[in-house]
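Encoded as structure tokens, the structure appears first; notes follow it.
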Amino acid sequence: MPRLVSHPDEVKIVTRRFGMGAANIDRYIELGGYEAAKKCLEQGPDWIINEMKASNLRGRGGAGFPTGLKWSFVPKQSAKPKYVLVNGDESEPGTCKDHLIFLHDPHSVIEGTIIAGLAIGAKLGFIYLRGEYRYLLEIMEKAVADAYAKGFLGKNIFGSDTEFQVITQSGAGAYEVGEESALMESLEGKRGVPRIKPPFPAVVGLYGGPTVINNAETIATVPHVIAMGGASYAAVGSERNGGTRLFGISGHVERPGVYELPMGYNLKKMIYEVAGGVRGGRKLKAVVPGGSSTPVLLPEEIENLGMDFDQVGKAGSMLGSGGVVVIDDHTCIVEFALRTISFYQHESCGWCIPCREGTDWLKKSLTRFHAGFGIEKDIDTIRYIAENMLGRTFCPLGDAAAMPTLGFVKKFRKEFEDHLNGKPCPFAKHTEVAVV
Amino acid sequence: MSNETMTIFSPKLAARFDALVQKYPARRSALVPMLLYAQDEIGYLSDAVIAEVAERIGITELDVRNVATYYSMLRFKPAGKYNVQVCTNISCMLRGAYDVFERFQDELGVGHKGVTPDGLFSLEEVECIGACCWAPAIQVNYDFHDELTPESVSGILAEYRGKAKAEGTVSHA
Ligand SMILES: Cc1cc2nc3c(=O)[nH]c(=O)nc-3n(C[C@H](O)[C@H](O)[C@H](O)COP(=O)(O)O)c2cc1C
Ligand code: SF4
Ligand code: FES
Numbered sequence: 017m018p019r020l021v022s023h024p025d026e027v028k029i030v031t032r033r034f035g036m037g038a039a040n041i042d043r044y045i046e047l048g049g050y051e052a053a054k055k056c057l058e059q060g061p062d063w064i065i066n067e068m069k070a071s072n073l074r075g076r077g078g079a080g081f082p083t084g085l086k087w088s089f090v091p092k093q094s095a096k097p098k099y100v101l102v103n104g105d106e107s108e109p110g111t112c113k114d115h116l117i118f119l120h121d122p123h124s125v126i127e128g129t130i131i132a133g134l135a136i137g138a139k140l141g142f143i144y145l146r147g148e149y150r151y152l153l154e155i156m157e158k159a160v161a162d163a164y165a166k167g168f169l170g171k172n173i174f175g176s177d178t179e180f181q182v183i184t185q186s187g188a189g190a191y192e193v194g195e196e197s198a199l200m201e202s203l204e205g206k207r208g209v210p211r212i213k214p215p216f217p218a219v220v221g222l223y224g225g226p227t228v229i230n231n232a233e234t235i236a237t238v239p240h241v242i243a244m245g246g247a248s249y250a251a252v253g254s255e256r257n258g259g260t261r262l263f264g265i266s267g268h269v270e271r272p273g274v275y276e277l278p279m280g281y282n283l284k285k286m287i288y289e290v291a292g293g294v295r296g297g298r299k300l301k302a303v304v305p306g307g308s309s310t311p312v313l314l315p316e317e318i319e320n321l322g323m324d325f326d327q328v329g330k331a332g333s334m335l336g337s338g339g340v341v342v343i344d345d346h347t348c349i350v351e352f353a354l355r356t357i358s359f360y361q362h363e364s365c366g367w368c369i370p371c372r373e374g375t376d377w378l379k380k381s382l383t384r385f386h387a388g389f390g391i392e393k394d395i396d397t398i399r400y401i402a403e404n405m406l407g408r409t410f411c412p413l414g415d416a417a418a419m420p421t422l423g424f425v426k427k428f429r430k431e432f433e434d435h436l437n438g439k440p441c442p443f444a445k446h447t448e449v450a451v452v
Numbered sequence: 012m013s014n015e016t017m018t019i020f021s022p023k024l025a026a027r028f029d030a031l032v033q034k035y036p037a038r039r040s041a042l043v044p045m046l047l048y049a050q051d052e053i054g055y056l057s058d059a060v061i062a063e064v065a066e067r068i069g070i071t072e073l074d075v076r077n078v079a080t081y082y083s084m085l086r087f088k089p090a091g092k093y094n095v096q097v098c099t100n101i102s103c104m105l106r107g108a109y110d111v112f113e114r115f116q117d118e119l120g121v122g123h124k125g126v127t128p129d130g131l132f133s134l135e136e137v138e139c140i141g142a143c144c145w146a147p148a149i150q151v152n153y154d155f156h157d158e159l160t161p162e163s164v165s166g167i168l169a170e171y172r173g174k175a176k177a178e179g180t181v182s183h184a
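Here the protein sequences come in this chain order: A and B.
Following the numbering used here, the numbering of the first sequence begins with 17 at its first residue and continues without gaps.
Following the numbering used here, the numbering of the second sequence begins with 12 at its first residue and continues without gaps.
The following block contains the structure:
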């Protein structure tokens with residue numbers, strides 16, 4: 017069972033009901049659940065979208081797109097049915113926050129889906145969970161069945177004449193399916209190969225109908241935004257970055273875990289105070305701030321860094337999925353870079369050449385390098401390949417592979433050089449794994 | 012699927028399938044979850060499973076295979092009764108996942124994608140399973156085990172050996 021953690025600096029909004037038995041629908045109602053959906057039913061779509069815009073809530077899936085704005089792009093009139101699609105594919109290494117939401121507060125996801133549906137005029141919502149999350153899918157299925165039994169889902173939700181249905185869906189193992197257009201393909205029973213954009217899903221999405229796609233945490237936040245009021249939610253966070261975020265701190269810290277902190281919270285404090293500092297009193301070497309695809313930051317870069325989309329962007333990285341991976345000074349960065357690129361090479365869907373070939377070349381070069389067979393020129397070749405992938409791939413997975421690689425090579429060039437000329441890796445025990 | 016056709020699905024799986032296809036705006040949306048549920052029951056995607064899923068959805072076998080080969084959880088050969096999946100991705104690696112993986116290799120005597128001779132266990136090195144804050148983590152079939160050390164490996168294997176014994180199924184292969 018995933019361990020729950022807490023810290024006095026946390027502002028518990030989304031995690032408010034964690035550990036309180038809220039997977040039970042009666043308990044969820046007792047704790048104020050489904051009131052927000054009822055209110056939205058009374059107030060109507062324009063009001064909902066205004067509250068969402070006022071909240072400054074930005075998508076928790078990685079890109080940080082403003083949620084209210086995304087919803088407002090869906091055409092009011094549509095010949096084809098509209099849909100809501102909740103993205104619970106959660107596969108970015110370093111990220112496990114949606115896991116806890118499905119486990120502890122499944123009804124918040126359902127309630128958020130209903131509200132999104134009311135906002136855009138959809139009658140059907142899908143909640144897609146990665147295939148590995150079977151026990152969580154079962155929790156979601158039970159929650160959906162309970163919501164139907166209470167009349168919160170169905171032809172006449174909450175006794176109104178409004179219809180809203182929810183279907184839960186299982187994936188079967190694929191990181192790329194987390195990309196929104198690949199997600200729709202998967203849900204339509206196809207290979208998870210992304211679609212060309214435009215048209216954007218808000219206009220042409222699932223089964224050709226306008227579709228809003230949001231991350232599970234974004235959706236679970238929606239009922240809280242409605243309950244608090246958009247402006248009060250916005251006030252919790254930093255400029256243009258409303259509210260809180262579930263930061264998953266992992267790696268070499270004393271107290272890894274998922275902590276809910278206000279947007280803009282200082283990264284250094286997050287590591288040293290909230291997560292208890294670097295494990296065993298060791299020194300900090302580097303931090304991956306927002307899941308494996310975000311470029312690495314050095315200790316001197318996190319001193320005054322507030323964790324919101326804009327500030328981390330300015331620092332040359334990304335807030336991404338909120339998965340903070342902490343690396344101590346006994347870690348081999350070359351091995352870390354190799355493990356990262358191996359993931360992207362494995363997950364590349366193979367549709368476009370720069371990503372399919374680029375990730376493969378990078379993996380091969382880094383493998384050779386890590387095993388001590390690298391030459392000086394390889395460092396530049398790695399850089400050259402990664403730079404040429406950037407912006408030239410069909411979907412952002414190519415960038416997600418190239419950006420961290422570039423970060424490692426640029427910021428830790430010396431460590432790459434230390435691996436030259438058959439010198440054994442100063443840290444790693446697992447060089448033999450890497451010989452290909 | 013017509014009643015005369017042989018089915019290899021259990022009545023429960025067939026019923027689940029029938030309920031599932033009804034729900035979607037398009038029948039084929041049931042394809043990915045259905046392949047996984049069929050694999051859970053039968054062990055892997057045999058030719059017969061592919062054929063039956065194709066017929067039930069109303070698409071070609073080639074189309075089913077084309078989709079199935081995309082997804083990493085779907086397999087075309089039997090695995091062990093208990094498939095041990097060790098995450099070695101970054102958060103787990105930093106906390107000793109390779110030591111855990113090595114211990115599993117030693118205890119089971121098989122490597123990546125290997126199956127033990129009695130068919131009880133298979134071993135796989137996998138990508139992130141969404142348990143990074145409780146690393147290192149593994150899944151045995153769908154069960155998560157987290158915050159592991161090499162020392163916890165034998166206990167986990169013993170637990171599943173015990174389960175198999177209690178069920179009276181020692182071999183699955
Ligand atoms: C390769 C790739 C993988 C992604 N994986 C996920 C994922 O697992 N979960 C998720 O919510 N978003 C993921 N995204 C982002 C989605 O495409 C999409 O932007 C997001 O679900 C939108 O929701 P939001 O606006 O609430 O953030 C991924 C994107 C890419 C390019
Ligand atoms: S960038 Fe990679 S994952 Fe995206 S379409 Fe190209 S090959 Fe597929
Ligand atoms: S890195 Fe192992 S569970 Fe995420």
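Every residue gets a Cβ at the ideal spot worked out from N, C-alpha and C, and that includes glycine.
- N320/A is classed as exposed because its beta carbon has fewer than 16 other beta carbons within 10 Å across all chains shown.
- Under a criterion of Cβ atoms nearer than 8 angstroms, the residues of chain A adjacent to E138/B are, in order, S107, P109, Y191, F359, H362, E363.
- Take V341/A, set aside five residues on each side of it, and the residues of its chain with a beta-carbon closer than 6 angstroms to its own are G110, S266, G267, V304, in chain order.
- Here A53/A is buried. Its C-beta has 16 or more other C-beta atoms within 10 Å.
- Burial of M334/A is indicated by the presence of at least 16 other C-beta atoms within 10 angstroms of its C-beta.
- Under the Cβ criterion of 8 angstroms, P44/B is counted among the residues facing chain A.
- The Cβ atoms of V269/A and G293/A lie closer than 8 angstroms to each other.
- Of all residues in the stretch 199-214 of chain A, those with a C-beta nearer than 9 angstroms to a C-beta of chain B are S202, L203, E204, G205, K206, R207, G208, V209, reading in chain order.
- Within 8 angstroms of the CB of H115/A, the CB atoms of chain B belong to G141, A142, in sequence order along the chain.
- Annotation: the stretch 62-115 of chain A contains the following complete segments of the beta strand (DSSP E) (minimum length 3 residues), in chain order: 99-104.
- Secondary structure remark: continuous alpha helix (DSSP H) runs of at least 4 residues inside the stretch 416-446 of chain A, in chain order: 429-433.
- The beta carbon of I101/B falls within 8 angstroms of a beta carbon belonging to chain A, placing the residue at that interface.
- The count of Cβ pairs closer than 8 angstroms, one atom from the stretch 156-176 of chain A and one from the stretch 115-125 of chain A, reaches three, so the stretches are in contact.
- For F263/A, the enclosing beta strand (DSSP E) begins and ends at 260-267.
- Where S186/A is concerned, the enclosing beta strand (DSSP E) starts and stops at 181-186.
- Judged by their CB atoms, N103/A and N257/A are not nearer to each other than the 8 angstroms cut-off.
- Burial of Q150/B is indicated by the presence of at least 16 other C-beta atoms within 10 angstroms of its C-beta.
- Contacts with chain A at 8 angstroms (Cβ-Cβ) include D157/B.
- The residues V95, G125, T127, F132, L134, L168, in chain order, have a CB closer than 8 angstroms to that of L119/B in the same chain once the five nearest residues on each side in sequence are set aside.
- Excluding its 5 nearest sequence neighbours in each direction, T99/B has C-beta neighbours in its own chain below 7 angstroms: A108, Y109, F112, E136, listed in chain order.
- Between the alpha carbons of M68/A and G84/A lies a gap of roughly 5 angstroms.
- Distance from the CA atom of D114/A to the CA atom of I101/B, rounded to whole angstroms, is 18 angstroms.
- The residues N100, in chain order, have a CB closer than 6 angstroms to that of E138/B in the same chain once the five nearest residues on each side in sequence are set aside.
- Taking a Cβ-Cβ threshold of 7 angstroms, the residues of chain A close to N77/B are R207, in chain order.
- Distances from the CB of G189/A to the heavy atoms of ligand 3 are all 7 angstroms or more.
- Per DSSP, reduced to three states, the secondary structure at K124/B is coil, with no helix or strand assignment.
- Taking 8 angstroms as the upper bound for CB-CB distance, T310/A and G336/A are in contact here, some 4 angstroms apart.
- Relative to ligand 2, S107/A has its C-beta separated by 7 angstroms or more from all heavy atoms.
- Within chain B, the residues whose beta carbon sits less than 8 angstroms from that of T356/A are I101, listed in sequence order.
- The Cβ atoms of P61/A and G225/A do not sit closer than 8 angstroms to each other.
- In this structure P272/A is buried. Its beta-carbon is surrounded by 16 or more other beta-carbon atoms within 10 angstroms.
- Looking at the DSSP output, C98/B sits in a beta bridge with V137/B.
- Minimum Cα-Cα distance from L116/A among the listed residues I343/A, I64/A, Y151/A, N72/A corresponds to Y151/A.
- In the DSSP annotation of this structure, the continuous segment of the alpha helix (DSSP H) that includes Y249/A starts and ends at 246-252.
- The three-state secondary structure of K92/B, taken from DSSP, is coil.
- Classified as exposed, D154/B has fewer than 16 neighbouring CB atoms from the shown chains inside 10 Å of its CB.
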